[in-house]
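Residue numbers (the working numbering): 138 to 574.
First comes the structure, then the notes that go with it.
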Amino acid sequence: MNATTLDAFREELTGLAARAPRPTLTDSERVARAKQVMRRRVGAADAAYLETCLHCGMCAEACHFYLGTGDAKYTPIEKVAPLRRVYKREIGPLRWLFRLVSRDITVSQLESFQELVFDSCTECGRCDLMCPMGIQISPMINIMREALTAAELAPPEFRALKAEQATHHTDLGVGRAEITALASRLSAEGVSVPVDAAPADILYFATPLDVRLFPDSLKNAARIFNRLGASWTLLGASAELIGTGESSSEVDVKRIVAEAEARAARIVILPECGHAYPRLRFEAANVIGRELPFEVLTISEYLGRQIRDGKLKLEPIAGNLRVTYHDPCKIGRHGGVFEEPRIAVQALGLELHEMESHARTGYCCGGGGGQFLIGRAARLRQRTFEIKMHEADDSGAKAVVTACNCCRYNFLAGAADANWHTEVKSLVELVGSQLAD
138 MNATTLDAFR EELTGLAARA PRPTLTDSER VARAKQVMRR RVGAADAAYL ETCLHCGMCA
198 EACHFYLGTG DAKYTPIEKV APLRRVYKRE IGPLRWLFRL VSRDITVSQL ESFQELVFDS
258 CTECGRCDLM CPMGIQISPM INIMREALTA AELAPPEFRA LKAEQATHHT DLGVGRAEIT
318 ALASRLSAEG VSVPVDAAPA DILYFATPLD VRLFPDSLKN AARIFNRLGA SWTLLGASAE
378 LIGTGESSSE VDVKRIVAEA EARAARIVIL PECGHAYPRL RFEAANVIGR ELPFEVLTIS
438 EYLGRQIRDG KLKLEPIAGN LRVTYHDPCK IGRHGGVFEE PRIAVQALGL ELHEMESHAR
498 TGYCCGGGGG QFLIGRAARL RQRTFEIKMH EADDSGAKAV VTACNCCRYN FLAGAADANW
558 HTEVKSLVEL VGSQLAD
């Protein structure tokens, strides 16, 4: 991908907000809908978390938005203040007392929290890891996100994308036609990419970023599957799931499960770390009400296993290139996938130099949770990206390797704005380019 393509895509994203549908709810309806979501989503664990927080500030020290700005308003636990108030007034054991001494949440308060739960949170989970009380803050921020979405207070870019999905069945202009066209082009270039084939042991997805910016990722994934002699197919629809916990996501989960079952797929492989990975791997069984009949893997996990088991042989890259590896949050901290991508890095003959914060404690790239879409958050996003940038510089690496194209995009965009010249490389593309006979 060249700089012109990246710049054109970034410019296109700036116009996304203008396509958002106009809100239709009154202020009172917004508050009512937000509270309805909060009451429905707060469970026993959330109640325990809201009751036991010590306000020690450790979550702030874990948050890249606080560290990048020094502003206490970005303290993670404070981002769920409206949720805490609704819990204490309407759910908690002393709700009768709190109704006497505290006011109900207002639409203006909800509006003021848009920046805190969308612009300044990527749901990376680093605060969850660092909390001395074991409080899981990011799932409660997810409740806040769903509540604001129900109140038509999600960022306009999110509302525009959701409307696009509902109306055109595309994500960022990518749907079945675009995915099929890319697969046909790659097949014409000599790399076979079956689409919607059945049966298939492996069901693989393409995301909008694969199609729009990183088609070589799909090309190299196909080369790897073909070299392994795998029975596989590309699904002719995007795997992107926006808004974990929303009804639209539940419909998509059921659709994807049905697609996999129709092909008797044993493995579903996802190429990125956005909503689709945790939604399918950790939540899909609850959505469909039964155990999944297939295994959900990220592409880096699959590659590492194939290399470890001796099924995938690679030619080492000459030159002892010094690299560092960025662990995508949903794949790493949430999914526990740390060893497999490093097996691939080692098999490529790359000299790995870890960042000071890596693996489970690694910082987010700054653009996760859809944050990279939000135009008004650009400066805040850059402040947090620079934490990652400086850690990469301090590692002495000449390139950053990652296995998630969402992270890769944010690295490239952040690097362009910071005039940072360290290379950003795709693990999938590196592996696909070094296949041994």
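Glycine included, C-beta positions come from ideal geometry on N, C-alpha and C.
Residue 140 versus residue 147: straight-line alpha-carbon distance, rounded: 10 angstroms
Ordered list of beta strand (DSSP E) runs contained in the stretch 398-464, each at least 3 residues: 404-407, 432-435, 459-462
Proximity below 9 angstroms, CB of residue 560 to CB of residue 536: yes
Opposing strand residues paired with residue 332 [DSSP bridges]: 371
Terminal residues of the beta strand (DSSP E) in which residue 340 lies: 339-341
C-alpha distance - residue 306 paired with residue 194, whole-angstrom precision: 43 angstroms
Touching by the beta-carbon criterion (3+ pairs, under 8 angstroms), the stretch 476-488 and the stretch 438-455: yes
7 angstroms Cβ shell around residue 320 - same chain, five flanking residues per side excluded: 330, 332, 371
For residue 536: DSSP bridge partner residues: 460, 560
Residues near residue 549 by beta carbon distance below 7 angstroms, same chain, minus five either side: 143, 561
Own chain partners of residue 433 with C-beta closer than 6 angstroms, once the 5 adjacent residues on each side are dropped: 405, 417, 418
Rounded Cβ spacing between residue 268 and residue 200 (contact assumed at less than 8 angstroms): Actually they are not in contact, since the Cβ atoms of residue 268 and residue 200 sit about 11 angstroms apart, beyond 8 angstroms.
Cβ neighbour criterion (16 or more within 10 Å) applied to residue 259: buried
Length of the line joining the Cα atoms of residue 360 and residue 533: 32 angstroms
Same chain, Cβ closer than 7 angstroms to residue 246, five either side skipped, listed in chain order: 219
Minimum C-alpha distance to residue 503 - residue among 262, 152, 574, 210: 262
One or two residues paired with residue 311 in a DSSP bridge: 308
Option in 495, 138, 543, 328 with minimal Cα separation from residue 346: 543
Under 9 angstroms between C-beta atoms of residue 500 and residue 528: yes
Assigned secondary structure, residue 493 (DSSP; H/G/I helix, E/B strand, else coil): coil
Contacting residues, own chain, Cβ-Cβ under 7 angstroms from residue 196 (five flanking each side not counted): 212, 213, 214, 264, 267, 268, 274
Which listed residue (231, 568, 415) has its alpha carbon closest to that of residue 470: 415
Spatial distance of residue 492 from residue 531 (CA atoms): 7 angstroms
First through last residue of the alpha helix (DSSP H) which encompasses residue 196: 195-199
Residue 279 - containing alpha helix (DSSP H), residue span: 274-287
Candidates 351, 177, 431: closest to residue 338 by CA position: 431
Residue burial classification, residue 205 (beta-carbon count within 10 angstroms, cutoff 16): buried
Cβ-Cβ separation, residue 538 to residue 482 (assumed contact under 8 angstroms), whole Å: 6 angstroms
Within 9 angstroms, strictly: CB atoms of residue 179 and residue 280: yes
Distance, residue 444 Cα to residue 479 Cα: 11 angstroms
Cβ pair residue 506, residue 255 closer than 9 angstroms: yes
Residue 340 and residue 396 closer than 9 angstroms at C-beta: yes
Other residues of its chain near residue 172: CB distance less than 6 angstroms, five sequence neighbours each side excluded: 223
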